[in-house]
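Chains A and B, in that order, give the protein sequences.
In the numbering used here, each number is its position in the first sequence, counted from 1, plus 346.
In the numbering used here, each number is its position in the second sequence, counted from 1, plus 581.
Okay, so here's the structure we're looking at.
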Amino acid sequence: MAVISSIALLVTEYRGSQLNALRLSLSYVVDPLKYAVDLPSSLVNRASESLGSYATLIKENSDLRDEQLIRQTQLLKLEALEKENVRLRALLENSFKLGEQVLIAELLSINTVPYEHILVVNKGTHFGVHPHQPVLDANGVVGQVFRALPLTSEIMLITDPNHAIPVQINRNGLLTIAVGSGQLNQLNLPFLPSNADVRPGDLLITSGLGGTFPQGYPVGVVDEFTTEPNKLSAGITATPKSLLDRNRELMIIWSNSTPVPLISKPNNTEPTTSNNTLAPANE
Amino acid sequence: MNKTIWFCQVTLTVIVAMCLRIAPWSSSWELFNPDWVLLTLIYWSIALPERVGIFHAWAVGLLTDVLTGQLFGQHALAYSLVIYACLKLHKRLRQYSFVQQGFFVFCGLLLSQLLFFFIKNLRNPAELNADFWLPVLAGTICWPLLCVLLRCFHLSKQTDIEHR
């Protein structure tokens with residue numbers, strides 16, 4: 347009886363997503379466990395924050411203020427660049443997407459399955475998170491929302507072996523796909539021919555193809571490699587820009603799905619909290 | 582009265598086992614992290630075969646599926662199969678020494694791990710490396726310890742009742 351029902355469940359879920367409702371309702375039962383397991387480490391974090399000495403706090407504060415000033419000035423420039431870009435795009439009669447909303451989600455330090463690069467964060471559908479949303483950190487692309495539950499959501503990292511992300515080489519605009527390798531510090535670029543114009547140190551940015559990831563966010567840096575002339579594909583690898591194993595705060599992005607209207611209403615574009623790395627991408 | 586007691590005991594231990602399952606271990610121990618939920622279920626099915634049945638195992642398996650974000654039903658299937666074997670053999674298993682029980686537990690864990698791999702492979706062909714079997718080994722080693730701990734917990738509450 348139980349065997350038949352579990353096999354039935356397996357088959358139904360394998361075929362489609364009719365069981366999502368069941369999973370959502372059951373997740374109300376088990377999600378508190380995730381928070382419970384996360385509690386000790388977050389308590390330790392909080393304790394170390396509150397026990398930090400006055401001097402270190404002051405120093406940290408001034409550092410942050412300096413950094414914020416620098417960022418702010420960069421943002422000033424970004425705004426001008428964005429406007430200019432919209433104008434130039436309008437000249438080319440080309441629509442352009444701008445303005446993304448972000449939600450900061452905190453990682454729950456739990457560990458669901460070994461061998462799969464899946465993180466759990468503390469924001470779920472209650473905050474409007476939905477599957478296939480891109481997730482970033484301060485340095486680059488982290489992954490995408492794989493499954494959104496009411497209280498938590500699961501994020502698949504770009505290094506998961508089942509994940510592929512369309513990228514572009516920032517230097518020359520060469521398009522390719524970066525596939526996860528199963529190691530946290532490596533991405534594979536299996537579809538580059540050996541005569542492709544790639545150099546070690548090239549920055550990979552999202553190309554915006556495929557529609558999941560907005561264009562222009564940094565993904566990784568091409569590693570050193572040696573080309574073998576008799577091989578068809580040059581097994582080129584890249585290192586992810588984001589600190590996949592070190593950060594606790596991630597940003598979930600809502601990209602503006604409607605393109606910005608050309609020149610008619612440029613005021614509508616809200617340059618919200620977009621990443622400062624947008625600027626060099628929009629060449 | 583007794584009914585609520587055993588129910589609380591089983592629920593509590595299963596919750597602890599689920600927490601252990603998803604606890605953030607260091608990466609070296611993570612490879613060894615055994616399936617605590619299944620081990621706990623095996624213990625209870627041997628200790629209270631008339632109370633803990635296949636349906637409980639199936640329900641706990643379903644919750645574990647949600648907890649670990651796996652395909653629905655794979656833990657449920659594996660747990661109910663293993664618990665079925667436990668219930669069939671519980672009289673014999675109670676007489677066994679830890680070594681013999683350990684062998685049985687090894688077989689059970691191996692069966693569940695095999696099922697997981699089989700299901701994973703159906704979804705997307707995966708490669709099988711030796712690390713995949715480490716939780717089975719670790720689970721077998723942890724079994725006597727867990728068994729003693731759970732028995733202490735189980736019996737301490739029961740003697741409390743009898744004293745009253």
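C-beta: ideal position from N, C-alpha, C; glycine also.
Check distances from the C-beta atoms of the region 604-636 of chain B to those of chain A and list, in chain order, the residues that come in under 8 Å.
From the region 604-636 of chain B, only A604, P605, W606, E611, L612, N614, I635, F636 have a Cβ closer than 8 Å to chain A.
Residues in the same chain with beta-carbon distance under 6 Å from A/G571, minus the five sequence neighbours each way, listed in chain order, please.
Translated into the one-based positions of the first sequence, residue 571 of chain A becomes position 225. The residue you asked about is not Gly; residue 571 of chain A is Phe in the sequence shown. Here the set comprises I582.
My parser needs the alpha helix (DSSP H) runs of 4 or more residues fully inside the region 619-703 of chain B; what are they?
635-649, 655-676
Taking a cut of 8 Å between CB atoms, which residues from the region 589-605 of chain B lie near chain A?
Taking 8 Å as the cut-off between beta carbons, the residues of the region 589-605 of chain B near chain A are I596, M599, C600, I603, A604, P605, in sequence order.
Just how far apart, CA to CA, sit A/E595 and A/I523?
Looking up residue 595 of chain A in the first sequence gives position 249. Looking up residue 523 of chain A in the first sequence gives position 177. C-alpha separation (whole angstroms): 26 Å.
Option in B/P725, B/G634, B/C728, B/L715 with minimal Cα separation from B/S609:
If you number the second sequence from 1, residue 609 of chain B lands on position 28. Looking at the Cα atoms, B/L715 is the closest of the given residues.
Rounded to whole angstroms, what is the Cα-Cα separation between A/G547 and A/I515?
Within the first sequence, the letter at position 201 stands for residue 547 of chain A. Within the first sequence, the letter at position 169 stands for residue 515 of chain A. So the two alpha carbons sit approximately 10 Å from each other.
Which residues of chain B have a Cβ atom closer than 7 Å to the Cβ of A/I464, listed in chain order?
As a first step, residue 464 of chain A is located in the first sequence; it is residue number 118 there, counting from the start. The answer, in chain order, is G650.
Span of the beta strand (DSSP E) holding A/A524?
The residue given as residue 524 of chain A occupies position 178 in the first sequence. Its beta strand (DSSP E) spans residues 521-526.
Just curious, the alpha helix (DSSP H) that B/F588 is in, first and last residue?
Translated into the one-based positions of the second sequence, residue 588 of chain B becomes position 7. Taken as a continuous stretch (DSSP letters only), the alpha helix (DSSP H) holding B/F588 covers 583-603.
Of all Cβ atoms in chain A, is any one closer than 8 Å to the Cβ of B/L643?
Locating residue 643 of chain B in the second sequence gives position 62, counting from the first residue. At a cut-off of 8 Å between C-beta atoms, B/L643 counts as an interface residue with respect to chain A.
Cutoff 6 Å; reference A/P612; Cβ partners in own chain excluding five residues on either side
Sequence index remark: in the first sequence, residue 612 of chain A carries index 266 (1-based). Residue confidence is low: A/P612 scores 44 on pLDDT, short of 50, so the model does not pin down where it sits. Its coordinate-derived value is still stated next. Answer for A/P612: V432, listed in chain order.
Using only the alpha-carbon positions, how far apart do A/T402 and A/E462 sit?
Here residue 402 of chain A refers to the residue found at position 56 when the first sequence is read from its first residue. Here residue 462 of chain A refers to the residue found at position 116 when the first sequence is read from its first residue. About 38 Å.
Take B/F809 as the anchor and find which of B/F613, B/I700, B/C589, B/L668 has the nearest alpha-carbon.
Residue 809 of chain B lies beyond the range of chain B shown here (582 to 745); nothing can be said about it.
Is A/P546 helix, strand or coil when you go by DSSP?
Taking the first residue of the first sequence as position 1, residue 546 of chain A is located at position 200. A/P546: coil per DSSP, three-state reduction.
Check the Cβ of B/Q655 against every Cβ in chain A and list those closer than 7 Å, keeping chain order.
On the second sequence, position 74 is the one that residue 655 of chain B refers to. The answer, in chain order, is L356.
Whole-angstrom Cβ separation of A/P507 and A/A494, contact assumed at under 8 Å?
Residue numbering aside, residue 507 of chain A sits at position 161 when the first sequence is read from its first letter. Residue numbering aside, residue 494 of chain A sits at position 148 when the first sequence is read from its first letter. Incorrect: roughly 22 Å between the Cβ atoms, too far for contact.
To the nearest angstrom, report how far apart A/Q414 and A/N407 are at their CA atoms.
Within the first sequence, residue 414 of chain A is the residue found at index 68, counting from 1. Within the first sequence, residue 407 of chain A is the residue found at index 61, counting from 1. If I take the Cα positions, the gap works out to 10 Å.
Just checking my contact of B/V686 with B/W639 at CB under 8 Å: how many whole Å lie between their CB atoms?
As a position in the second sequence, residue 686 of chain B is number 105, starting the count at 1. As a position in the second sequence, residue 639 of chain B is number 58, starting the count at 1. Rounded, the Cβ-Cβ distance is 19 Å, inconsistent with contact.
What residues in its chain sit with their C-beta under 6 Å from that of B/L668, if we drop five residues either side in the sequence?
Start at 1 with the first residue of the second sequence, and residue 668 of chain B comes out as number 87. Same-chain partners within the cutoff: S626, P630.
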